[in-house]
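Report on one structure; see the data block that follows.
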Amino acid sequence: MQSTQILMDEHRIIERVLAALQVAAERLSRGEAIQPVFFENTALFIKNFADGCHHRKEEGILFVAMQEAGILVQGGPIGVMLAEHEQGRVFTRAMKDAAQKWETGDLSARAVIVQNALDYVALLRQHINKENNILFLMADRVIPSGRQEKIVADFEQIDLDETGEEIHKKFMEIAKKLEIESQE
Numbered sequence: 111m112q113s114t115q116i117l118m119d120e121h122r123i124i125e126r127v128l129a130a131l132q133v134a135a136e137r138l139s140r141g142e143a144i145q146p147v148f149f150e151n152t153a154l155f156i157k158n159f160a161d162g163c164h165h166r167k168e169e170g171i172l173f174v175a176m177q178e179a180g181i182l183v184q185g186g187p188i189g190v191m192l193a194e195h196e197q198g199r200v201f202t203r204a205m206k207d208a209a210q211k212w213e214t215g216d217l218s219a220r221a222v223i224v225q226n227a228l229d230y231v232a233l234l235r236q237h238i239n240k241e242n243n244i245l246f247l248m249a250d251r252v253i254p255s256g257r258q259e260k261i262v263a264d265f266e267q268i269d270l271d272e273t274g275e276e277i278h279k280k281f282m283e284i285a286k287k288l289e290i291e292s293q294e
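For the sequence shown, the positions run 111 to 294 when the numbering used here is used.
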C-alpha cells in the first residue's frame, strides 16, 4: 500500500468529524441544545488524531521524503500545507478555549466556538482536497518505491500507542461518538 493511500484513508475519518463539527456548530448558532464538552472532545480528537497522528506522519515523514526528492518547502506546496496545519491548530485552540469559557458561564463564547469550528471545517475540507488531488499525486511520482516501503513502516510505528493498540480503531470509535452527539 502506498503511504499516500494510508493518509487518504485517515482523511475519511477526519471528514466524518468535520461533518459532525459542522452540524454541531450550526445547531449552536441556531440556539439549539448542544453541550460545550462536544467541542472540547472534538478539539481533543483533532489534537490527538488529526494533528498527533495524521499530521505527524505528513510533517515528520512524508514531507521530509518529498523534500529529499526535490520538492520545495518554502515557496512550494509543502510550505502551504504546513501553514494550513498551523492555521488549523489556531482554530482548534480558539474553539477549545471558548468551549471552556462557555462551560464556566460565559455565554458570549458560543459565537467564538461557532466561528472557529466553521472556519476549521472550511479550511480542512479544502486542505484535504489539495492533499488528495495534488500533493499526494506529486509524492507518488517523486518518492522512489524503496523509500515508500520505509515510509509505510514509519507510519505503522506511529499508529501504535504505548499499549500497542491500533490507534485507528480508537479514533474511529471517537468519530462515531461525535457523529451521534452532534445529532442529539
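Glycine included, C-beta positions come from ideal geometry on N, C-alpha and C. Remember, predicted model here, so these are calculated numbers, not experimental data.
Residue i versus residue j: straight-line alpha-carbon distance, rounded
i    : j    : result
I223 : E150 : 10 Å
A160 : K240 : 16 Å
L128 : F201 : 13 Å
A249 : E266 : 18 Å
Q145 : D229 : 19 Å
D264 : L192 : 20 Å
Q231 : A221 : With the sequence shown as reference, residue 231 is identified as Val, and Gln is not the correct amino acid for it. Roughly 15 Å separates the two Cα atoms.
V147 : A209 : 7 Å
E142 : E136 : 9 Å
F281 : Q132 : 18 Å
L138 : K279 : 29 Å
Q115 : E291 : 29 Å
L154 : R140 : 24 Å
A225 : E294 : One detail in the question is off: residue 225 reads as Gln in this sequence, not Ala. Between Q225 and E294, the C-alpha separation is close to 21 Å.
A130 : I124 : 10 Å
Nearest-angstrom beta carbon gap, residue j and residue i [assumed within contact, 8 Å]
i    : j    : result
H237 : E194 : 5 Å
L270 : I277 : 7 Å
Q177 : I188 : 7 Å
E283 : R126 : So it is not a contact: roughly 11 Å between Cβ atoms.
I253 : R166 : Actually they do not touch by this definition, with Cβ atoms about 18 Å apart.
Quiz item: Of all the alpha helix (DSSP H) runs that stay within the bounds of the stretch 215-259, which reach a length of 4 or more residues?
Solution: As for any alpha helix (DSSP H) of minimum length 4 sitting wholly inside the stretch 215-259, the runs are 219-240 and 246-252, ordered along the chain.
Quiz item: What residue ranges within the stretch 113-201 form continuous beta strand (DSSP E) runs of no fewer than 3 residues, ordered along the chain?
Solution: Within the stretch 113-201, no complete beta strand (DSSP E) run reaches 3 residues.
Practice problem: Report yes or no: do three or more beta-carbon pairs, one from the stretch 182-189 and one from the stretch 116-127, lie closer than 8 Å? | Solution: Contact between the stretch 182-189 and the stretch 116-127 is absent, because fewer than three Cβ pairs lie under 8 Å.
Quiz item: Is it a yes or a no for the stretch 197-216 touching the stretch 166-178, going by three-plus beta-carbon pairs under 8 Å?
Solution: Verdict: no, contact absent.
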